[in-house]
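K.L.:
So that we are looking at the same thing, I have put the structure below in structure tokens.
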Amino acid sequence: MKKQKIIIDTDPGHDDALAIMLMEKSKLFDILAITTVAGNSTIQNTTNNARFVLDLIESEIMLYSGAGAPLKQKLIKADVHGDSGLDGIVISKQEKLTNNAIDKIIENVINSPDEVIILALGPLTNIAQAFIKEPSIISLVKSIVIMGGAINVPGNKNRVAEFNIFVDPEAADIIFQADIKKILVPLDVCNDVFFTLDDFKCIDDLKLYKIIYDMMIKYIDNIYVFEKTKGAIMYDPVAAYYLINPQAFTAVEMNVQIETHGKLTRGMTVADKNLWSEEEKNVSVIQSVNKKEFREDFFRIFNN
Ligand code: BDR
Ligand code: CA
């Protein structure tokens, strides 16, 4: 059977790292490219980190670096991933920046019209820039799965905004306005899916386990400081899992717009929650994930 074509746009990030491994190890996808974006850390660091992950799992997926800053503001890095974006791992190798992620997104979509799903795990800068540069690709993308937003829960960056949207609200606005099938995996579902250090012990490959342990010990400490959750929150792996097992999720169609101006609310994903609303629904908002299935599949795939 033909495998689903995917582009993973990402800012690794501990959870991005696990999401990349999960997607690649599942062997379910034809991953055309990994495109990096500045977010959790600088573009140099997120690209170094992506290369580290690909080398770790001996993957030959093409890696392209993209935007070094959001469309209209300076980069605001994350807290929970440390300065390098992958706290706990020492990476000395500087990956050469190719600076062509936007062109590669455009090229891959044009080469496979209606066949490519974009998995967006970081700020939406690269994808927005691709849509600005070549608007014709908007109608050619099969769908976009976005880890981002906070619908009924507090934000993790300001009172109401989730990190990926907060870092580049103008880019998010372009994507949310675009006529394209969107699936949003917000904090509402991700906050509640986390693994403890003990959970990772069931990874059989000792070399992989040791490195994941070194990553997770730092991530878990940082998550506790900033989120008060006692475990590694699986934001990006949950979004990736939607592509692996969509049946494990429930969703509601909603109209969601991005606040780009508010003094207190910039980056908010403003959802129309009126069930009687006649506003056009532009996003499938994930409401729940079967945590048991996620956990079982996650570790089964890691031990494939
Ligand atoms: C999102 O922000 C990043 O820190 C994570 O990698 C994830 O994509 C969660 O808000
Ligand atoms: Ca991320």
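Everything in the sequence shown is counted per the working numbering, starting at 2 for the first residue and increasing by one.
Positions of the beta carbon are idealized from the N, C-alpha and C atoms, including for glycine.
Since we're looking at a predicted model, the values are computed, not measured.
On the DSSP bridge assignment, give the partners of Met63 in chain order.
P.N.:
For the purposes of this step, residue 63 is taken as residue 62 along the sequence shown, with counting starting at 1. Note: Met63 sits in no beta bridge, so no partner.
K.L.:
In three-state DSSP terms, what is Asn256?
P.N.:
Walking along the sequence shown from the start, residue 256 turns up at place 255. Asn256 falls in the strand class under three-state DSSP.
K.L.:
What is the DSSP secondary structure of Ile176, reduced to helix, strand or coil?
P.N.:
Position 175 of the sequence shown, counting from 1, holds the residue named residue 176. Three-state DSSP puts Ile176 in a helix.
K.L.:
Who are the Cβ neighbours of Ile58 in its own chain at under 7 angstroms, not counting the five residues just before and after it?
P.N.:
Here residue 58 refers to the residue found at position 57 of the sequence shown. Result list for Ile58: Met22, Glu25 and Lys26, in chain order.
K.L.:
Have a look at Glu37 and Gly268 and give me their C-alpha separation to the nearest angstrom.
P.N.:
Translated into positions along the sequence shown, residue 37 becomes position 36. Translated into positions along the sequence shown, residue 268 becomes position 267. The residue asked about is misnamed: residue 37 is Thr in this sequence, not Glu. Thr37 and Gly268: Cα-Cα distance of roughly 21 angstroms.
K.L.:
Considering Lys6, what are the terminal residues of the beta strand (DSSP E) in which it resides?
P.N.:
Taking the sequence shown and counting its residues from 1, one reaches residue 6 at position 5. Element bounds for Lys6: Gln5 to Thr11.
K.L.:
Let me check you understand the geometry: is the CB of Phe250 closer than 8 angstroms to at least one non-hydrogen atom of ligand 1?
P.N.:
Here residue 250 refers to the residue found at position 249 of the sequence shown. No, the beta carbon of Phe250 sits no closer than 8 angstroms to any heavy atom of ligand 1.
K.L.:
Determine whether the beta carbon atoms of Val290 and Pro187 lie at a separation below 9 angstroms.
P.N.:
Residue numbering aside, residue 290 sits at position 289 when the sequence shown is read from its first letter. Residue numbering aside, residue 187 sits at position 186 when the sequence shown is read from its first letter. Not in contact: Val290 and Pro187 (Cβ atoms no closer than 9 angstroms).
K.L.:
Please determine, among Ile128, Val110, Leu87 and Leu207, the residue with the shortest C-alpha to C-alpha distance to Ala173.
P.N.:
Counted from its first residue, the sequence shown places residue 173 at position 172. The shortest C-alpha separation from Ala173 is found at Ile128.
K.L.:
Excluding the five sequence neighbours on either side, which residues of its own chain have a C-beta within less than 7 angstroms of the C-beta of Ser66, listed in chain order?
P.N.:
Within the sequence shown, the letter at position 65 stands for residue 66. Result list for Ser66: Thr37, Ile44, Thr48, Leu98, Thr99, Asn100 and Ala102, in chain order.
K.L.:
Mind reading off the beta-carbon distance from Asn223 to Gly86? Whole number of angstroms is fine, and I expect it under 8 angstroms.
P.N.:
Within the sequence shown, the letter at position 222 stands for residue 223. Within the sequence shown, the letter at position 85 stands for residue 86. 12 angstroms between Cβ atoms; not a contact.
K.L.:
Nearest by alpha-carbon distance to Ser140: which of Gly123, Ala179, Lys134 and Asn109 is it?
P.N.:
Taking the first residue of the sequence shown as 1, we reach residue 140 at position 139. Ranking Gly123, Ala179, Lys134 and Asn109 by Cα distance to Ser140 puts Ala179 first.
K.L.:
Within the present structure, is the beta-carbon of Asp17 separated from the nearest heavy atom of ligand 1 by less than 8 angstroms?
P.N.:
Your numbering for residue 17 matches position 16 in the sequence shown. Yes, Cβ of Asp17 sits closer than 8 angstroms to a heavy atom of ligand 1.
K.L.:
Rounded to whole angstroms, what is the Cα-Cα separation between Asp205 and Phe303?
P.N.:
On the sequence shown, residue 205 is found 204 positions in, with the first residue counted as 1. On the sequence shown, residue 303 is found 302 positions in, with the first residue counted as 1. Distance between the alpha carbons of Asp205 and Phe303 is about 8 angstroms.
K.L.:
Measuring straight from C-alpha to C-alpha, what distance separates Ile152 and Ile90?
P.N.:
One-based indexing of the sequence shown puts residue 152 at position 151. One-based indexing of the sequence shown puts residue 90 at position 89. Computed Cα separation, rounded: 33 angstroms.
K.L.:
Could you round the C-beta distance between Asp80 and Asp237 to whole angstroms and report it? I think they count as a contact, below 8 angstroms.
P.N.:
On the sequence shown, residue 80 is found 79 positions in, with the first residue counted as 1. On the sequence shown, residue 237 is found 236 positions in, with the first residue counted as 1. The pair is not a contact, with the Cβ atoms about 16 angstroms apart (cut-off 8 angstroms).
K.L.:
DSSP state of Val168, grouped into three classes?
P.N.:
As a first step, residue 168 is located in the sequence shown; it is residue number 167 there, counting from the start. DSSP places Val168 in helix when its eight states are reduced to three.
K.L.:
Can we count Leu122 as close to ligand 2, meaning its CB is less than 8 angstroms from some heavy atom?
P.N.:
Taking the first residue of the sequence shown as 1, we reach residue 122 at position 121. Checking the Cβ of Leu122 against ligand 2 gives yes.
K.L.:
Given a threshold of 16 other Cβ atoms within 10 Å of its Cβ, counted over all protein chains shown, does His262 qualify as buried or as exposed?
P.N.:
As a first step, residue 262 is located in the sequence shown; it is residue number 261 there, counting from the start. Exposed.
K.L.:
Looking at the structure shown, is Asn183 part of a helix, part of a strand, or coil, going by DSSP?
P.N.:
Within the sequence shown, the letter at position 182 stands for residue 183. The sequence shown places Lys at residue 183, rather than the Asn named in the question. The answer is strand: DSSP assigns Lys183 an E or B state.
K.L.:
Please report the residue range of the beta strand (DSSP E) in which Met148 lies.
P.N.:
As a position in the sequence shown, residue 148 is number 147, starting the count at 1. That run of the beta strand (DSSP E) goes Val142 to Met148.
K.L.:
Beta-carbon separation of Glu108 and Thr270 under 9 angstroms?
P.N.:
Position 107 of the sequence shown, counted from the first residue, corresponds to residue 108. Position 269 of the sequence shown, counted from the first residue, corresponds to residue 270. The answer is no: Cβ separation not under 9 angstroms.
K.L.:
Just checking Val81 against ligand 1 - is the residue's beta carbon closer than 8 angstroms to any of the ligand's heavy atoms?
P.N.:
For this step, residue 81 is matched to residue 80 along the sequence shown. Yes; taking the cut-off as 8 angstroms, the Cβ of Val81 has a heavy atom of ligand 1 nearer than that.
K.L.:
Looking only at C-alpha atoms, which of Glu171, Cys191, Gly232 and Leu209 sits nearest to Asp200?
P.N.:
Counting from one through the sequence shown, the residue named residue 200 turns up at place 199. For Asp200, the nearest C-alpha among the options comes from Gly232.
K.L.:
Starting from the C-beta of Gln258, find all residues in its chain whose C-beta is less than 7 angstroms away, skip the five residues before and the five after it, and write them out in chain order.
P.N.:
Within the sequence shown, numbered from 1, the residue matching residue 258 stands at position 257. Excluding sequence neighbours, Gln258 sits near Phe177 and Val271.
K.L.:
Quick check: the Cα distance between Ile147 and Ile9, rounded to an integer number of angstroms?
P.N.:
What you label residue 147 is simply residue 146 of the sequence shown in a count that begins at 1. What you label residue 9 is simply residue 8 of the sequence shown in a count that begins at 1. Approximately 10 angstroms between the Cα atoms of the pair.
K.L.:
Tell me the residue span of the beta strand (DSSP E) that contains Ile103.
P.N.:
In the sequence shown, the residue the question calls residue 103 occupies position 102. Per DSSP, Ile103 belongs to no beta strand (DSSP E); it is in the alpha helix (DSSP H), Ala102 to Asn112.
K.L.:
For Val190, tell me which candidate among Tyr214, Asp169, Met255 and Ala240 has the shortest Cα-Cα distance.
P.N.:
Position 189 of the sequence shown, counted from the first residue, corresponds to residue 190. The residue with the shortest Cα to Cα distance from Val190 is Ala240.
K.L.:
Can you round the beta-carbon distance between Lys282 and Glu254 to whole angstroms, since I take them to be within the 8 angstroms contact cut?
P.N.:
Taking the sequence shown and counting its residues from 1, the one referred to as residue 282 is at position 281. Taking the sequence shown and counting its residues from 1, the one referred to as residue 254 is at position 253. Indeed they touch by this definition, with Cβ atoms about 4 angstroms apart.
K.L.:
So Ser278 is in the alpha helix (DSSP H); what residue range does that whole segment cover?
P.N.:
Counted from its first residue, the sequence shown places residue 278 at position 277. Careful: Ser278 lies outside any alpha helix (DSSP H) and carries neither H nor E.
K.L.:
How about Asp237: is its Cβ closer than 8 angstroms to a heavy atom in ligand 1?
P.N.:
Indexing the sequence shown from 1 puts residue 237 at position 236. For ligand 1, at least one heavy atom lies less than 8 angstroms from the Cβ of Asp237.
K.L.:
Under 9 angstroms, do Asp104 and Lys134 count as touching if we go by C-beta distance?
P.N.:
Here residue 104 is taken as the residue at index 103 of the sequence shown, counted from 1. Here residue 134 is taken as the residue at index 133 of the sequence shown, counted from 1. Yes, they are a contact pair.
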